[in-house]
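Heads up: the structure comes next, in structure tokens.
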């Protein structure tokens, strides 16, 4: 199972390596555009799978306003998908608006779960 912590480490490595950065960034921008989630009004963090303990903890830590905004974006995207439509260009999410609002909470929750696992499985020796 991949965690967001591992993905972040890999992304940091790619961004630090000039050759990988030149190859991956344009491809990532094209993939992001073609995926179409912004035309449905979603942000990248709205696409993450919710069915794991770290994600559940992170969602519960979101501020109320951000949680309501997230639910509204998801409901709007479902409605657009059912009606086979997309938002007008003026209402779709722009690249500068697609900020990771949930990622810091997920990384924090994963670190806590890793620490809990390490403490629960520690062996005391004399």
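In UniProt numbering, the protein residues as written are 1 to 126.
Note that the Cβ used here is the ideal one computed from N, Cα and C, for glycine as well.
Keep in mind that this is a model prediction, so the values were computed, not measured.
Below-9 Å beta-carbon distance, residue 66 vs any chain D residue: The structure shown contains no chain D; it holds only a single protein chain.
Where the alpha helix (DSSP H) containing residue 19 begins and where it ends: The residue you call residue 19 lines up with position 19 of the chain shown. Its alpha helix (DSSP H) spans residues 18–35.
Collapsed DSSP secondary structure at residue 84 in the structure displayed: The sequence position of residue 84 within the chain shown is 84, counting from 1. Three-state DSSP puts residue 84 in coil, outside helix and strand.
Spatially closest choice to residue 91 from 22, 39, 31, by CA coordinates: Within the chain shown, residue 91 is the residue found at index 91, counting from 1. Nearest C-alpha to residue 91: 39.
Residue 6, buried or exposed, once every other Cβ within 10 Å from all chains shown has been counted against 16: Mapped onto the chain shown, residue 6 falls at position 6. Exposed, because fewer than 16 other Cβ atoms sit within 10 Å of the Cβ of residue 6.
Helix, strand or coil at residue 99 according to DSSP, with G and I counted as helix: As a first step, residue 99 must be located in the chain shown, where it is residue number 99. If DSSP states are grouped into helix, strand and coil, residue 99 belongs with coil.
Cβ-Cβ distance between residue 149 and residue 57 below 9 Å: Given that the chain is displayed from residue 1 to residue 126, the structure contains no residue 149 and the question cannot be resolved.
Beta-carbon gap between residue 32 and residue 20 smaller than 9 Å: As a position in the chain shown, residue 32 is number 32, starting the count at 1. As a position in the chain shown, residue 20 is number 20, starting the count at 1. It is not a contact, given that the beta carbons lie outside the stated cut-off.
C-alpha distance - residue 61 paired with residue 100, whole-angstrom precision: Against the chain shown, residue 61 aligns to sequence position 61. Against the chain shown, residue 100 aligns to sequence position 100. Near 14 Å, if we compare the C-alpha coordinates of residue 100 and residue 61.
Residue span of the alpha helix (DSSP H) that contains residue 60, given as start and end: Along the chain shown, one-based indexing puts residue 60 at 60. Unbroken alpha helix (DSSP H) run through residue 60: 53–61.
Three-way DSSP call (helix, strand, coil) for residue 49 in this model: Taking the chain shown and counting its residues from 1, the one referred to as residue 49 is at position 49. Coil.
Collapsed DSSP secondary structure at residue 125 in the structure displayed: Indexing the chain shown from 1 puts residue 125 at position 125. The answer is coil: DSSP assigns residue 125 none of H, G, I, E or B.
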